[in-house]
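Have a look at the structure below, then the notes.
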Ligand code: MG
């Protein structure tokens, strides 16, 4: 078994679409970023790569590359998953925390869990998601930023290619 963690934070700005776990959330502010700024998917991709000892999302998708500007972050997760599977791992479960003062994430929790489960090809019961506010303090609490933490557990498949 291999465990991985991922973390991401993006600054929030007016007039940018908000997507969390590839779910569009109606809100007048969203994350600045080179891609679509999906903090949860970026943290997830880093957790997948980290669990398999494969670096981070900046290696495959540098934020200096014009080709990745505005890209759908689902592609980043798909790429990370492919690398992990190619090395003989499968996803056992995922647990995640989204840190956001606003909007409230809870109404979207199950949609986000389903979205991530679909991306990873696992049952939705294998995806945990919690939402936390910043208690009104710090960059998250002031609504200036949104962040996510993700833990992933991988297991070696019977192919046994993992090293
Ligand atoms: Mg990011």
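In the numbering used here, the protein residues as written are -13 to 149. Using N, Cα and C, we set each Cβ at its ideal position, and we do this for glycine too.
Can you tell me where the alpha helix (DSSP H) holding residue i begins and where it ends?
i          : result
residue 4  : Premise fails: residue 4 lies in the beta strand (DSSP E), 4 to 6, not in any alpha helix (DSSP H).
residue 28 : 25 to 37
residue 19 : Careful: residue 19 lies outside any alpha helix (DSSP H) and carries neither H nor E.
residue 44 : 43 to 46
Taking all protein chains shown into account, decide if residue i is buried (16 or more other Cβ within 10 angstroms of its Cβ) or exposed.
i           : result
residue 10  : exposed
residue 99  : buried
residue 110 : exposed
residue -6  : buried
residue 3   : exposed
residue -1  : exposed
residue -11 : exposed
residue 18  : exposed
residue 55  : exposed
residue 5   : buried
residue 62  : buried
residue 16  : buried
residue 87  : buried
residue 36  : buried
So the beta strand (DSSP E) residue i belongs to, where does it begin and stop?
i           : result
residue 139 : 131 to 142
residue 10  : 9 to 11
So who's on the other strand from residue i, going by DSSP bridges?
i           : result
residue 124 : Looking at the DSSP assignment, residue 124 forms no beta bridge with any residue, so it has no partner.
residue -8  : 136
residue -2  : 17
On the premise that residue j lies in contact with residue i, defined as a C-beta separation below 8 angstroms, what is that separation, rounded to the nearest angstrom?
i           : j           : result
residue 139 : residue 78  : 4 angstroms
residue 134 : residue 102 : Not really, about 11 angstroms apart at Cβ, beyond 8 angstroms.
residue 119 : residue 74  : 40 angstroms between Cβ atoms; not a contact.
residue -8  : residue 29  : 4 angstroms
residue 60  : residue 8   : 5 angstroms
residue 49  : residue 20  : 4 angstroms
residue 22  : residue 58  : 6 angstroms
residue 106 : residue 67  : 6 angstroms
Inside the stretch 68 to 118 only - beta strand (DSSP E) runs reaching at least 3 residues:
75 to 85, 113 to 118
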